[in-house]
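A short worksheet on the structure shown next.
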Amino acid sequence: MALALLLACVPEASRAQVELTVHPSMIKGPLQAPVTIVEFSDYQ
Amino acid sequence: MFEEYDGRIRLVFKDRPLAMHTLARPAHEAARCAGAAGKYWPYHDRLFAAQPAFRRADLLLYAGELGLDRDEFTRCLDERRFAPDVERDIAEAQALGINSTPTFLVNGRVVIGATSIEEFRTIIDEALKARP
């Protein structure tokens, strides 16, 4: 299955720049939204 | 919250099951199986509501409730088809130094831990203001 989107993020905490791989099914909201919230979470 | 900011927020979910949560890994893989059938977010919501009932039988039951093809879903789960994808999410989180959940990046700003709606609204409003 194709992976549609790559995001780069620069958190102040680590100053790391990491390319995130995101599957389109795990994205909600419009591509042009001014705010992107990436949630790292655990179901348990 | 997401509805409140209609069209102005894009939400991206990343799997970050913690090592001590042994039931979480199959749940994350199951959600991706549901996603392959176009039901990621309904399954995601079902998992949070069901927490922590994540035995195999539970995961199959939720898929059935959402009308997913039972055989296909079962195969996906048992083959652990999305295990590498979950693994990659974990690796990406670790590369960013994200070791507790939930952690949010709001236009790159790190927000760690469960945050009140009020605090979150403030953070989102600031992010909106910073952009034209």
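Here the protein sequences line up with chains A and B, keeping their order. Just so it is clear: in the first sequence, position 34 is 34 by the numbering used here, and no numbers are missing. Add 1000 to a position in the second sequence, counting from 1, and you land on the number used in the numbering used here. Glycine included, C-beta positions come from ideal geometry on N, C-alpha and C.
For Ala1053/B, no Cβ of chain A is located within less than 8 Å of the residue's own Cβ. Only Asp1085, Arg1088, Asp1089, Glu1092, Ala1093, Ala1095, Leu1096, Gly1097, Ile1098 from the stretch 1081-1099 of chain B bring a Cβ to less than 8 Å from some Cβ of chain A. Secondary structure at Glu1004/B: coil, using DSSP grouped into helix, strand and coil. With contact defined as three or more Cβ pairs closer than 8 Å, the stretch 1093-1113 of chain B and the stretch 1028-1039 of chain B are not in contact. At a cut-off of 8 Å between beta carbons, Ile1117/B makes no contact with chain A. Between the C-alpha atoms of Tyr1043/B and His23/A there is a straight-line separation of about 15 Å.
Residue pairing by DSSP puts Ser41/A in a beta bridge opposite Asp1015/B. Boundaries of the beta strand (DSSP E) harbouring Arg1109/B: 1109-1112, taken from the DSSP string. Shown here, Leu1066/B sits in coil according to DSSP, grouped into three states, outside any helix or strand. With fewer than 16 other Cβ atoms inside 10 Å of its own Cβ, Ile1117/B counts as exposed. Sequence-distant partners of Asp1058/B (beyond 5 residues in either direction) whose C-beta falls short of 7 Å from its own C-beta, in its chain, are Ala1050.
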